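Novice: Just so we're aligned, residue 26 is where the sequence shown starts under this note's numbering, counting upward by one.
From the three backbone atoms N, C-alpha and C, an ideal C-beta is built for every residue, glycine too.
If you're wondering where the values come from, they're calculated on a predicted model, not measured in any experiment.
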Amino acid sequence: MDTLPSIPNKPANLPSPNSTNSFWHRSPSSFLLHHRSTPELPSSADVVIVGSGITGAFCAKYLAQSANLNVVMVEAREACWGATGRNGGHCKPHIYPMPLDIAQFELRNLRTIADLVAQHHIDCEFQQTSDGTCYAFNSTREFAKAKKLVQALQSSGSEMAQYISLAEDKASLKSLLIPNAAGAITQTIAAKLWPYKLVAWVLEDLIKNSHLNLQTKTPVLSLEQQGEGNKKWAVCTSRGTIEATSVVLATNAYTSHLLPEFADLIVPVRGEMSALTPPASLRANPLTRTYVFLGGGDQGYIQDGYLTQRPVDPSGDSGGQMMFGGARCDARNMGVGVDDDSEIDKPSAKRLHTLMKHLVPASDAGDAAPPLLEAENEWSGIMGFSRDGCPWVGKVPGKNGVYLSGGYTGHGSSLVFNIRKPPLSAVV
Numbered sequence: 026m027d028t029l030p031s032i033p034n035k036p037a038n039l040p041s042p043n044s045t046n047s048f049w050h051r052s053p054s055s056f057l058l059h060h061r062s063t064p065e066l067p068s069s070a071d072v073v074i075v076g077s078g079i080t081g082a083f084c085a086k087y088l089a090q091s092a093n094l095n096v097v098m099v100e101a102r103e104a105c106w107g108a109t110g111r112n113g114g115h116c117k118p119h120i121y122p123m124p125l126d127i128a129q130f131e132l133r134n135l136r137t138i139a140d141l142v143a144q145h146h147i148d149c150e151f152q153q154t155s156d157g158t159c160y161a162f163n164s165t166r167e168f169a170k171a172k173k174l175v176q177a178l179q180s181s182g183s184e185m186a187q188y189i190s191l192a193e194d195k196a197s198l199k200s201l202l203i204p205n206a207a208g209a210i211t212q213t214i215a216a217k218l219w220p221y222k223l224v225a226w227v228l229e230d231l232i233k234n235s236h237l238n239l240q241t242k243t244p245v246l247s248l249e250q251q252g253e254g255n256k257k258w259a260v261c262t263s264r265g266t267i268e269a270t271s272v273v274l275a276t277n278a279y280t281s282h283l284l285p286e287f288a289d290l291i292v293p294v295r296g297e298m299s300a301l302t303p304p305a306s307l308r309a310n311p312l313t314r315t316y317v318f319l320g321g322g323d324q325g326y327i328q329d330g331y332l333t334q335r336p337v338d339p340s341g342d343s344g345g346q347m348m349f350g351g352a353r354c355d356a357r358n359m360g361v362g363v364d365d366d367s368e369i370d371k372p373s374a375k376r377l378h379t380l381m382k383h384l385v386p387a388s389d390a391g392d393a394a395p396p397l398l399e400a401e402n403e404w405s406g407i408m409g410f411s412r413d414g415c416p417w418v419g420k421v422p423g424k425n426g427v428y429l430s431g432g433y434t435g436h437g438s439s440l441v442f443n444i445r446k447p448p449l450s451a452v453v
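Right under this line is the structure:
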């Protein structure tokens, strides 16, 4: 992961009530919008889950398998209105840069979500891309380091090596639509999806069939342990207090608002996303892989970008938006320490527009440089970066009955489907 710049050691604020408009929220669930399962906030619960994104939803799904548990989920804004409803729509395992056991774990997560979507016919645009994903390196030095990792994996005899290949000759890079890259790593297994729709389905199913009590627009102001010898926690919200035996924090970037001691351990980082209208060529011939762009910021390239393309509508006249995010290298202090998603980062947004010319076929613009693509939506989202790039999962030290799963460093979608089990087995 990126090295986090030094920032003031202060707790995160509550999520902004007036967030930028994410493309993924353009079709919100009418069932979940403004949802409160009971008009009044429950006074007690066995488990309170704070946060309704992908972590909170799959935590609740796991707990629903345990009988006789009273589970309440509280959310500061609308359901799934944080990072899960604002990301790039990637769901792919990191294979080449990870230790073998973690790469295998991430691959199992991808298969878990694929099975869930297929079993329940969830309408969330989940699609395993036919050509996987491509890590495009715009820096010779960064590609050389990555190449050593791939070669080590290939020489290890691990079955995971079958998914990874190197591309560095001009013909290969041109076929990958990145002719100016210093090199690339291709991975044959990757997926994309509409993340909000997946989580919305899970939450709706739990509320209707497993009696999950969801309370939206109910920010948690503090956690307070009851008197000495009492193992209960007071979850103090803007609408009252819930007494709970266990509390699960699915708060990611905002964790330090409730746990100030995590202010320098899980740090808010603002990222930029856009939904760009595709040119005719990319609507007629959509991308067959997803992309990650690395290095080369000093050469005018994007240093940290990610790209997927939505499915094209059957008519061929709509859909296919280029879901393009990143460019934190252009943001002040790389967005580190920013927990406000009520505005976009304009320098990052500009870079996202200009880089698309490297993926737009020249035929779209004749002899001229490809035009900038129109942004149908531009929005920001707040990620939670951990200091070592690894998530915090398990019991919170010194707070018996409080559990945490967060700090995904921009990579939550490939982790949370199975990461729920280690910390939560003790809850039930």
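Going by Cα to Cα distance, which pick from T80, C261, V142 is closest to L246?
Specialist: With distances taken between Cα atoms, L246 lies closest to C261.
Novice: Taking only three categories from DSSP, how would you classify R295?
Specialist: strand
Novice: What does the alpha-carbon distance come out to for the pair H119 and L319?
Specialist: 14 Å
Novice: Have a look at D389 and N310 and give me their C-alpha separation to the nearest angstrom.
Specialist: Because the pLDDT at D389 is just 49, under 50, the model does not fix this residue reliably, and the point stays unresolved.
Novice: Pull the bridge partners of G344 from the DSSP assignment, please.
Specialist: Answer is V337, bridged to G344.
Novice: Mind checking which residues open and close the alpha helix (DSSP H) that includes A206?
Specialist: Here A206 belongs to no alpha helix (DSSP H), and DSSP marks it neither H nor E.
Novice: Just the Cα atoms here: how many angstroms apart are L301 and I369?
Specialist: 15 Å
Novice: Reducing DSSP to helix, strand and coil, say where Y331 ends up.
Specialist: strand
Novice: Between T276, T315, G330, P336, which has its C-alpha nearest M408's C-alpha?
Specialist: Minimum Cα distance to M408 is reached at T276.
Novice: Which class does M408 belong to by DSSP, given the choice of helix, strand or coil?
Specialist: strand
Novice: With distances taken between CB atoms, is the gap from A206 to F162 smaller than 8 Å?
Specialist: yes
Novice: Would you call S367 buried or exposed, if buried means 16 or more other Cβ atoms sit within 10 Å of its Cβ?
Specialist: Exposed, since its Cβ has fewer than 16 Cβ neighbours within 10 Å.
Novice: Apart from the five residues just before and just after R314, which ones in its own chain have a Cβ nearer than 6 Å to its Cβ?
Specialist: T154, D156, G157, T158, C159
Novice: Take the Cβ of N339 as the centre, count every other Cβ of all protein chains shown within 10 Å, and call the residue buried at 16 or more, exposed below.
Specialist: The displayed chain sequence assigns Pro, not Asn, to residue 339. Looking at its Cβ environment, which holds fewer than 16 other Cβ atoms inside 10 Å, P339 is exposed.
Novice: What residue does the beta strand (DSSP E) around G265 start on, and which one ends it?
Specialist: 265-274
Novice: Considering only the alpha carbon of each residue, which of S54, G432, H59, V99 lies closest to C149?
Specialist: It is S54.
Novice: How far does the alpha helix (DSSP H) with D22 in it reach, from first residue to last?
Specialist: Residue 22 is absent from the structure shown; the chain starts at 26 and stops at 453.
Novice: One question on the structure: do G273 and I74 come within less than 8 Å of each other, judged by their Cβ atoms?
Specialist: Per the sequence shown, residue 273 should be read as Val rather than Gly. In contact: V273 and I74 (Cβ atoms closer than 8 Å).
Novice: What is the residue span of the beta strand (DSSP E) that T63 lies within?
Specialist: T63 -> no beta strand (DSSP E), and no H or E assigned at all.
Novice: Give a yes or no on whether 8 Å exceeds the smallest Cβ distance from H60 to chain C.
Specialist: This model lacks chain C altogether, as it is built from one protein chain only.
Novice: Assign N43 to one of three DSSP states: helix, strand, or coil.
Specialist: Here N43 sits in coil by DSSP.
Novice: Give the range of the beta strand (DSSP E) segment to which G249 is assigned.
Specialist: The sequence given here has Glu at residue 249, not Gly. That run of the beta strand (DSSP E) goes 245-250.
Novice: What first and last residue would you give for the beta strand (DSSP E) that runs through G81?
Specialist: Where G81 is concerned, there is no enclosing beta strand (DSSP E), although the alpha helix (DSSP H) it sits in stretches over 79-88.
Novice: Flag this pair as yes or no: are the beta carbons of M298 and G113 separated by less than 8 Å?
Specialist: yes
Novice: Among residues of its own chain, excluding the 5 on either side of T231, which ones have a beta-carbon nearer than 7 Å to its beta-carbon?
Specialist: Before going further, note that residue 231 is Leu rather than Thr in the sequence given. The answer, listed in chain order, is A85, K86, A89, L237.
Novice: How would you label T137, buried or exposed, when you count the other beta carbons within 10 angstroms and need 16 or more for buried?
Specialist: exposed
Novice: Could you check what DSSP says for I232 in three-state terms: helix, strand or coil?
Specialist: helix
Novice: Suppose contacts are defined by Cβ-Cβ distances below 8 Å. Is F168 in contact with V294 by that definition?
Specialist: no
Novice: Taking Cβ to Cβ, would you say G110 is nearer than 8 Å to M98?
Specialist: no
Novice: With DSSP collapsed to three states, give me the class of F168.
Specialist: helix
Novice: Return the bridge partner residues of E399 from the DSSP annotation.
Specialist: Looking at the DSSP assignment, E399 forms no beta bridge with any residue, so it has no partner.
Novice: Going by C-alpha distance, which of Q240, G419, R335, G330 is nearest A104?
Specialist: Q240
Novice: Buried or exposed, going by whether 16 or more other CB atoms sit within 10 Å of the CB of L125?
Specialist: exposed
Novice: Going straight from the alpha carbon of P67 to that of I267, what length do you get?
Specialist: 6 Å
Novice: Is DSSP giving K195 helix, strand or coil here?
Specialist: helix
Novice: Based on Cα-Cα distance, which residue from S438, M347, G423, V363 lies nearest to L398?
Specialist: L398 has its Cα closest to that of M347, out of S438, M347, G423, V363.
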